[in-house]
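*Asks:* Submitted below is the structure of interest, expressed as structure tokens.
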């Protein structure tokens with residue numbers, strides 16, 4: 686009797702199995718059961734050693750030290766002297782009291798290549814953190830090293846505008862190499878302003894072009910040239926100084942454009958330069974009343990800087 690019960694139970698189980706398979710044709714076996722694969726866990730991101738090092742340094746800094754690190758100053762502003770041409774005990778004491786982020790050197794600080802390299806190396810040795818060592822080296826009328834130290838001569842960048850991106854890249858790459866050889870690590874260039882206003886005297890031939898699209902291509906190429914040389918580069922002067930009548934070094938400079946117009950024109954060079962990997966963007970002392978409602982310069986406007 687138990688044998689019959691086992692047989693009936695076996696047939697019942699088989700019947701239920703076939704019913705569950707949805708009426709398979711005779712002689713065909715059901716395929717393998719489908720299983721839902723287990724989700725693949727997201728890979729654990731590899732820690733960035735540089736970022737970890739930076740975070741560790743920041744964690745050990747006071748608020749005062751962090752504030753000082755935001756400043757790049759002329760050595761004279763820190764030491765309270767005339768033209769500084771050597772880093773001595775005053776430099777050491779000043780950096781201990783005000784650990785700034787870097788120095789910008791001009792023609793008055795540069796005597797010879799040997800003197801310049803020695804001054805910079807000594808200043809670096811006095812700073813707990815590496816200093817940004819900066820200069821304005823654009824070519825043309827703006828070339829601190831070119832005029833005082835005899836580095837490679839370049840005309841104003843506007844004169845090369847029709848020679849293409851390879852020349853823009855090569856010019857920047859050579860300038861960067863010259864700066865590194867003199868111990869500079871940061872160039873406040875390339876100029877990302879566009880020569881869109883013929884009456885503008887402060888930018889003029891410092892711009893790469895008078896055409897927004899062409900300027901965007903040339904500026905991106907220059908950024909690549911600087912980066913490949915090993916020098917930090919800085920786009921300037923955000924949000925664009927090429928359409929102003931005034932010189933922001935001497936007074937209020939105003940751009941009479943809407944934000945949409947700036948995005949379609951002036952912003953092209955900054956977008957392309959950032960996409961190419963520019964390390965910094967210099968904000969200009971340029972007012973855009975259509976955005977801020979007053980003459981607050983871009984350099985002090987959260988609305989313009991952060992959008």
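In the working numbering, the protein residues as written are 686 to 992. The C-beta atom is built at its ideal place from N, Cα and C for all residues, glycine as well.
Could you name each continuous beta strand (DSSP E) segment of 3 residues or more that falls completely within the stretch 789-853, going from the start of the chain to the end?
*Replies:* 817-820, 822-824
*Asks:* What I want to know is whether the C-beta of residue 967 ends up closer than 8 Å to one or more non-hydrogen atoms of the ligand ZN.
*Replies:* Summarising the ligand content, the structure contains no ligands, and the ligand ZN is consequently not present.
*Asks:* Assuming residue 821 contacts residue 829 under a Cβ cut-off of 8 Å, what Cβ separation, rounded to an integer in Å, is found between them?
*Replies:* Their Cβ separation, rounded to whole angstroms, is 6 Å, which keeps residue 821 and residue 829 in contact under 8 Å.
*Asks:* Measuring CB to CB, does residue 935 end up less than 9 Å from residue 975?
*Replies:* no
*Asks:* Can the beta-carbon of residue 837 be found less than 9 Å from the beta-carbon of residue 808?
*Replies:* No. Outside cutoff.
*Asks:* For residue 795, does the count of other Cβ atoms within 10 angstroms reach 16, so buried, or fall short, so exposed?
*Replies:* buried
*Asks:* Could you check whether the stretch 910-919 touches the stretch 863-881, counting it as contact only if at least three pairs of C-beta atoms, one from each stretch, sit closer than 8 Å?
*Replies:* yes
*Asks:* With 16 as the cutoff for other CB atoms within 10 Å, does residue 735 come out buried or exposed?
*Replies:* By the Cβ-count criterion, residue 735 is exposed, with fewer than 16 other Cβ atoms from all chains shown falling within 10 Å of its own Cβ.
*Asks:* Just to confirm, are residue 875 and residue 857 a CB contact at a threshold of 9 Å?
*Replies:* yes
*Asks:* Measuring alpha carbon to alpha carbon, tell me which residue in 815, 972, 787, 755 is nearest residue 929.
*Replies:* Per the Cα distances, 972.
*Asks:* How big is the Cα-Cα spacing for residue 953 and residue 869?
*Replies:* Rounded to whole angstroms, the separation of the alpha carbons of residue 869 and residue 953 is 29 Å.
*Asks:* Tell me which same chain residues have a C-beta within less than 7 Å of the C-beta of residue 982, skipping the five on either side of it?
*Replies:* Excluding the 5 residues flanking it on each side, residue 982 has same chain C-beta neighbours closer than 7 Å at 970, 971, 972, in chain order.
*Asks:* By how many angstroms is the C-alpha of residue 940 removed from the C-alpha of residue 988?
*Replies:* 15 Å
*Asks:* Got a sec? Which residues, its chain only, sit under 8 Å from residue 933 by beta carbon, not counting five neighbours each side?
*Replies:* 887, 922, 926, 969, 970, 971, 982
*Asks:* Among the residues of its own chain, which have a CB less than 6 Å from the CB of residue 860, if the five just before and after it don't count?
*Replies:* 822
*Asks:* Whose C-alpha, out of 783, 772, 931, is nearest the C-alpha of residue 801?
*Replies:* 772
*Asks:* From residue 798 to residue 769, what distance separates their C-alpha atoms?
*Replies:* 15 Å
*Asks:* Looking at the structure shown, is residue 940 part of a helix, part of a strand, or coil, going by DSSP?
*Replies:* In the structure shown, residue 940 adopts coil according to DSSP, grouped into three states.
*Asks:* For residue 905, which of 880, 855, 729, 762 has the nearest alpha-carbon?
*Replies:* 855
*Asks:* Where do the ends of the alpha helix (DSSP H) carrying residue 921 lie?
*Replies:* Unbroken run through residue 921 is the beta strand (DSSP E), 917-923; no alpha helix (DSSP H).
*Asks:* For residue 967, list the residues DSSP reports as bridge partners.
*Replies:* Note: residue 967 sits in a beta bridge opposite 921.
*Asks:* To the nearest angstrom, report how far apart residue 979 and residue 839 are at their CA atoms.
*Replies:* Distance between the alpha carbons of residue 979 and residue 839: 39 Å.
*Asks:* Is it buried or exposed, residue 847, if we count other Cβ atoms within 10 angstroms and call 16 or more buried?
*Replies:* exposed
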